[in-house]
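Read the structure below first, then the notes.
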Amino acid sequence: MDIKLAVLPGDGIGPEITEQAMKVIKAVCRKFGHNLAYNYALTGASAIDAVGDPYPPETHALCMESDAVLFGAIGDPRFDNNPKAPVRPEQGLLRMRKQLGLYANIRPVETFPSLLHKSPLRRDLVEGADFVCIRELTGGIYFGEKGRKDNGNTAFDTCTYTRPEIERILKLAYEFAGKRNKRLTVVDKANVLESSRLWREVAQEMAPSYPDIETDYMFVDNAAMQIIQWPRKFDVLVTENMFGDILTDEASVITGSLGLLPSASIGIHTSVFEPIHGSYPQAAGKDIANPIATILSAAMLFEYALNLTEEGNIIRKAVAASLEEGVVTVDIAGEKSFRTSEVGDWIAAWISA
Ligand code: IPM
Ligand code: MG
Numbered sequence: 012m013d014i015k016l017a018v019l020p021g022d023g024i025g026p027e028i029t030e031q032a033m034k035v036i037k038a039v040c041r042k043f044g045h046n047l048a049y050n051y052a053l054t055g056a057s058a059i060d061a062v063g064d065p066y067p068p069e070t071h072a073l074c075m076e077s078d079a080v081l082f083g084a085i086g087d088p089r090f091d092n093n094p095k096a097p098v099r100p101e102q103g104l105l106r107m108r109k110q111l112g113l114y115a116n117i118r119p120v121e122t123f124p125s126l127l128h129k130s131p132l133r134r135d136l137v138e139g140a141d142f143v144c145i146r147e148l149t150g151g152i153y154f155g156e157k158g159r160k161d162n163g164n165t166a167f168d169t170c171t172y173t174r175p176e177i178e179r180i181l182k183l184a185y186e187f188a189g190k191r192n193k194r195l196t197v198v199d200k201a202n203v204l205e206s207s208r209l210w211r212e213v214a215q216e217m218a219p220s221y222p223d224i225e226t227d228y229m230f231v232d233n234a235a236m237q238i239i240q241w242p243r244k245f246d247v248l249v250t251e252n253m254f255g256d257i258l259t260d261e262a263s264v265i266t267g268s269l270g271l272l273p274s275a276s277i278g279i280h281t282s283v284f285e286p287i288h289g290s291y292p293q294a295a296g297k298d299i300a301n302p303i304a305t306i307l308s309a310a311m312l313f314e315y316a317l318n319l320t321e322e323g324n325i326i327r328k329a330v331a332a333s334l335e336e337g338v339v340t341v342d343i344a345g346e347k348s349f350r351t352s353e354v355g356d357w358i359a360a361w362i363s364a
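When we follow this note's numbering, the leftmost residue of the sequence shown carries the number 12, and every step to the right adds one.
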């Protein structure tokens, strides 16, 4: 198959980790006889530095004409403590999501037995937890009307959702639940927010069309608590943009394996695959960051964007082997740790063998 990828390394450790994922993608393509073409493009703070725009039109054009996008990370401390910065790296990410129509962010939360001791939760609570968070990604308070009034002394952000936006994300969530353990948790704040009441109304209308799936409804504060207390009870969780932002960070850390969790953003145009962790600027250029979340994002890329399941599986197997053999970076290593580039080389070589 002909495969055309856009590679957006971004900031901080982004370039190092995408490089490892590219080694793995190349090894898979060689093994399965795919014809791979790929192009790099700018995004985030590095794009602001180079051309003054965190998601330049050339980057968007490349994403649009590619089969999938591999994304590293964006963010730079130079901008974090400057609320007055005229352009911010994050704006690039948000524009990419909006312009590519990526309305669903899918984050599997999985535990790895060898890493359970890293979890902030007791082993007996977290062992075996396995669920998927589906976050709405192009609506809500992130994209609603915002501004200042009263000479800048009053600020507002609006959370707006339309029925079609809610229907399409819930449909996708039901389809996921149908392929998994058939339980869907719809998370909202319907006791307070009008937009949440529309979510719940639409969900209640749709639920009877999925009779084999058990739907339950949970307020977001309660969900935040239950993810910590009973992480095993969840199968598929779906929620609006900002609740999803917060809950997915919470969910990712309970497994003890933040550096291992991938994500997919899918929707209308080209899908984007990226690790769930950030740009980790303190580690940039040191060859110490964990590349596995990005490598597992490449596995999702083969499966979701290209429908190549075997290719995705072999990446997962190679990653499992590296964990078993202890070929891992310092964040999860025991006595001996490996460099970012060594882990990438090892996993690519395992696939080629
Ligand atoms: C995420 C990030 C982004 C978000 C930031 C970087 C804009 O936190 O992908 O979860 O809030 O969506
Ligand atoms: Mg976030």
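Positions of the beta carbon are idealized from the N, C-alpha and C atoms, including for glycine. These numbers were taken from a predicted model, which means no experiment stands behind them.
Top-ranked residue by Cα proximity to residue i, from the options
{"i": "isoleucine 362", "options": "Thr165, Thr149, Lys42 and Pro20", "result": "Lys42"}
{"i": "histidine 280", "options": "Glu30, Thr149, Arg134 and Tyr172", "result": "Thr149"}
{"i": "tryptophan 210", "options": "Ile36, Gly163 and Thr171", "result": "Thr171"}
{"i": "isoleucine 180", "options": "Ala262, Asn192, Thr196 and Thr165", "result": "Thr196"}
{"i": "aspartate 78", "options": "Pro286, Ile277, Ser348 and Glu335", "result": "Ile277"}
{"i": "proline 131", "options": "Gln240, Asp13, Gly25 and Thr351", "result": "Gln240"}
{"i": "valine 198", "options": "Asn233, Glu186 and Arg174", "result": "Asn233"}
{"i": "alanine 316", "options": "Leu127, Leu113 and Pro94", "result": "Leu113"}
{"i": "valine 231", "options": "Arg174, Leu16, Glu216 and Asp256", "result": "Asp256"}
{"i": "glutamate 178", "options": "Glu212, Ala364 and Ile24", "result": "Glu212"}
{"i": "asparagine 252", "options": "Thr351, Asp22, Gly151 and Lys193", "result": "Gly151"}
{"i": "glutamine 293", "options": "Ile24, Ala201 and Ala17", "result": "Ile24"}
{"i": "methionine 12", "options": "Ala364, Ala344 and Glu322", "result": "Glu322"}
{"i": "glycine 55", "options": "Phe245, Gly296, Thr320 and Gly86", "result": "Gly86"}
{"i": "isoleucine 287", "options": "Tyr228, Phe187, Glu336 and Ala275", "result": "Ala275"}
{"i": "glycine 155", "options": "Ile145, Thr173, Arg146 and Thr165", "result": "Thr173"}
{"i": "alanine 58", "options": "Arg99, Gly289 and Glu346", "result": "Arg99"}
Cα-Cα separation between residue i and residue j, rounded to whole angstroms
{"i": "glutamine 110", "j": "glutamate 176", "result": "15 Å"}
{"i": "alanine 218", "j": "threonine 226", "result": "7 Å"}
{"i": "alanine 84", "j": "glycine 267", "result": "20 Å"}
{"i": "glycine 139", "j": "isoleucine 265", "result": "12 Å"}
{"i": "threonine 259", "j": "serine 333", "result": "26 Å"}
{"i": "glycine 158", "j": "phenylalanine 167", "result": "6 Å"}
{"i": "phenylalanine 82", "j": "alanine 329", "result": "21 Å"}
{"i": "isoleucine 325", "j": "valine 35", "result": "10 Å"}
{"i": "leucine 307", "j": "aspartate 161", "result": "48 Å"}
{"i": "aspartate 135", "j": "threonine 122", "result": "12 Å"}
{"i": "glutamine 237", "j": "asparagine 46", "result": "46 Å"}
{"i": "arginine 106", "j": "threonine 250", "result": "20 Å"}
{"i": "valine 120", "j": "valine 143", "result": "6 Å"}
{"i": "serine 19", "j": "leucine 271", "result": "At residue 19 the sequence reads leucine, which differs from the serine that was named. One C-alpha to the other measures close to 19 Å."}
{"i": "leucine 104", "j": "alanine 38", "result": "28 Å"}
{"i": "arginine 327", "j": "glycine 163", "result": "51 Å"}
{"i": "aspartate 64", "j": "leucine 73", "result": "15 Å"}
{"i": "asparagine 50", "j": "lysine 129", "result": "37 Å"}
{"i": "glutamate 314", "j": "leucine 126", "result": "25 Å"}
{"i": "threonine 29", "j": "valine 62", "result": "21 Å"}
{"i": "tyrosine 202", "j": "threonine 165", "result": "It is asparagine, not tyrosine, that sits at residue 202 in the sequence shown. One C-alpha to the other measures close to 26 Å."}
Residue i - containing alpha helix (DSSP H), residue span
{"i": "threonine 70", "result": "68-75"}
{"i": "alanine 234", "result": "231-240"}
{"i": "leucine 181", "result": "174-190"}
{"i": "valine 62", "result": "55-62"}
{"i": "arginine 41", "result": "25-43"}
{"i": "arginine 211", "result": "205-217"}
Unbroken beta strand (DSSP E) run spanning residue i, endpoints
{"i": "phenylalanine 349", "result": "Element bounds for phenylalanine 349: n/a, residue is neither H nor E."}
{"i": "proline 20", "result": "13-21"}
{"i": "leucine 195", "result": "194-199"}
{"i": "arginine 159", "result": "157-160"}
{"i": "threonine 165", "result": "165-168"}
{"i": "leucine 47", "result": "46-51"}
Heavy atom of the ligand NAP within 8 Å of residue i beta-carbon
{"i": "threonine 259", "result": "Among the ligands in the structure shown, the ligand NAP does not appear; only the ligand IPM and the ligand MG can be found there."}
Pair every Cβ in the stretch 338-349 with every Cβ in the stretch 300-309, then say whether three or more of these pairs are closer than 8 Å. yes
Going along the chain, which unbroken runs of the alpha helix (DSSP H) with 4 or more residues stay wholly within the stretch 245-327? 252-265 and 303-311
Every unbroken beta strand (DSSP E) within the stretch 73-154, with a cutoff of 3 residues, ordered by chain: 79-84, 115-121 and 141-147
Evaluate the contact criterion for the stretch 348-358 versus the stretch 52-71: three or more CB pairs, one atom per stretch, below 8 Å. no
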